[in-house]
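So the structure is just underneath, and the comments pick up after that.
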Amino acid sequence: MFELKVIPANGRVFNSKAAVWDAWTANKDFTIADVSSRWDGKPVNKQDADRSDLACVSVRYGKNLEKVCSINLIKNRMN
Numbered sequence: 000m001f002e003l004k005v006i007p008a009n010g011r012v013f014n015s016k017a018a019v020w021d022a023w024t025a026n027k028d029f030t031i032a033d034v035s036s037r038w039d040g041k042p043v044n045k046q047d048a049d050r051s052d053l054a055c056v057s058v059r060y061g062k063n064l065e066k067v068c069s070i071n072l073i074k075n076r077m078n
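Okay, here's the thing in structure tokens:
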């Protein structure tokens, strides 16, 4: 698998890429929002993603999930 699409879990709302990155590096949970994945609706965090064969996590964020940022798992940085 190359990329996974996720949204914040537990009712959290992020208003900036920095907030997304802080939550990701703090190992907070996100919810998989990818209908093409058999894990759709399941929680995932940085530790889970690091153990998988993922290269990228695409995060939808903002009040209405209108913004998107990408986390490169190979280089361990925000794109």
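For the sequence shown, numbering that gives the first Met the number 0 gives the first residue as 0, with consecutive numbering after it. Glycine included, C-beta positions come from ideal geometry on N, C-alpha and C. Fair warning: this is a prediction, and the values are worked out from it, not measured in the lab.
Local Cβ density within 10 Å of residue i, reported as buried at 16 or more and exposed below that
| i | result |
| --- | --- |
| isoleucine 31 | buried |
| tryptophan 22 | The residue asked about is misnamed: residue 22 is alanine in this sequence, not tryptophan. By the neighbour-count rule (16 or more Cβ atoms within 10 Å), alanine 22 is buried. |
| lysine 74 | exposed |
| phenylalanine 1 | exposed |
| alanine 17 | exposed |
| alanine 25 | exposed |
| valine 12 | exposed |
Straight-line Cα distance separating residue j from residue i
| i | j | result |
| --- | --- | --- |
| serine 57 | proline 7 | 11 Å |
| leucine 53 | valine 34 | 16 Å |
Residue i, DSSP secondary structure in three states
| i | result |
| --- | --- |
| valine 19 | helix |
| lysine 4 | strand |
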